[in-house]
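Engineer:
Numbering (the numbering used here), first residue to last: 48 to 198.
Structure (structure tokens):
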């Protein structure tokens, strides 16, 4: 518990608006709800394991939209505004996050505005090495380390 570690109550301004709301919701979840969520996550992971019997990696976009302008999505925004903007951008990452599969995002494209467009590669459990090898090959073919920042 953070407050116990600090030895004092947490100040209201210590957390961003969205973080505070997520914390409030998490403390209201019942043990049954947490159990069901964990069970569902494990079931999704098992289904994904079966998929990787026949393939090495899954390729998808990282987000469902181009990068929004700086400040549009902020933990300081209202919770509702944050959720409205973030839902469209996390759609492809949720599966790896829920199933526990390793995944990586790499900037393989550029928008007209000069912002990176990420592609996500997912692999089977315990196949992080495969993703690192793939990242190395992709970066050799299309280096991204020195892409100019455009704001």
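We put the CB at the ideal spot given by N, CA and C, even for glycine.
Bridge partners of residue 156, per DSSP?
Structural biologist: The count along the chain shown starts at 1 and reaches residue 156 at position 109. For residue 156, which the question treats as bridged, DSSP gives the partners 164.
Engineer: Could you compute how far the alpha carbon of residue 144 sits from the alpha carbon of residue 54?
Structural biologist: Taking the chain shown and counting its residues from 1, one reaches residue 144 at position 97. Taking the chain shown and counting its residues from 1, one reaches residue 54 at position 7. So the two alpha carbons sit approximately 33 Å from each other.
Engineer: Could you pull the start and end residues of the beta strand (DSSP E) that residue 125 belongs to?
Structural biologist: Locating residue 125 in the chain shown gives position 78, where the first residue counts as 1. It is not in any beta strand (DSSP E) - residue 125 carries neither H nor E in the DSSP assignment.
Engineer: Among all the DSSP beta bridges, which residues are the ones paired with residue 169?
Structural biologist: By one-based count along the chain shown, residue 169 stands at place 122. According to DSSP, which records beta bridges pairwise, residue 169 is partnered with 105 and 150.
Engineer: Between which two residues does the alpha helix (DSSP H) carrying residue 57 extend?
Structural biologist: To locate residue 57, count along the chain shown from 1; it is residue 10. Careful: residue 57 lies outside any alpha helix (DSSP H) and carries neither H nor E.
Engineer: Any contact between the region 121-137 and the region 91-102? By contact I mean 3 or more CB pairs, one from each, below 8 Å.
Structural biologist: Result no; under three Cβ-Cβ pairs closer than 8 Å.
Engineer: Could you tell me which of 159, 161, 152 and 64 sits nearest to residue 185, measuring between CA atoms?
Structural biologist: Position 138 of the chain shown, counting from 1, holds the residue named residue 185. Looking at the Cα atoms, 152 is the closest of the given residues.
Engineer: Out of 188, 163 and 171, state which residue places its alpha-carbon closest to the alpha-carbon of residue 114.
Structural biologist: Residue mapping note: residue 114 aligns to position 67 of the chain shown, counting from 1. Answer by Cα proximity: 163.
Engineer: Who are the Cβ neighbours of residue 57 in its own chain at under 7 Å, not counting the five residues just before and after it?
Structural biologist: In the chain shown, counting from the first residue as 1, residue 57 sits at position 10. Correct list, in chain order: 49 and 50.
Engineer: Return the Cβ separation of residue 136 and residue 110 in integer angstroms, given the expectation that the two are a contact with Cβ distance under 8 Å.
Structural biologist: Within the chain shown, the letter at position 89 stands for residue 136. Within the chain shown, the letter at position 63 stands for residue 110. Yes, they are in contact, since the Cβ atoms of residue 136 and residue 110 sit about 4 Å apart, within 8 Å.
Engineer: Can you round the beta-carbon distance between residue 112 and residue 149 to whole angstroms, since I take them to be within the 8 Å contact cut?
Structural biologist: Counting from one through the chain shown, the residue named residue 112 turns up at place 65. Counting from one through the chain shown, the residue named residue 149 turns up at place 102. Not a contact, Cβ separation roughly 24 Å.
Engineer: Excluding sequence positions up to five away, which residues of its chain have a Cβ less than 6 Å from the Cβ of residue 129?
Structural biologist: Position 82 of the chain shown, counting from 1, holds the residue named residue 129. 65.
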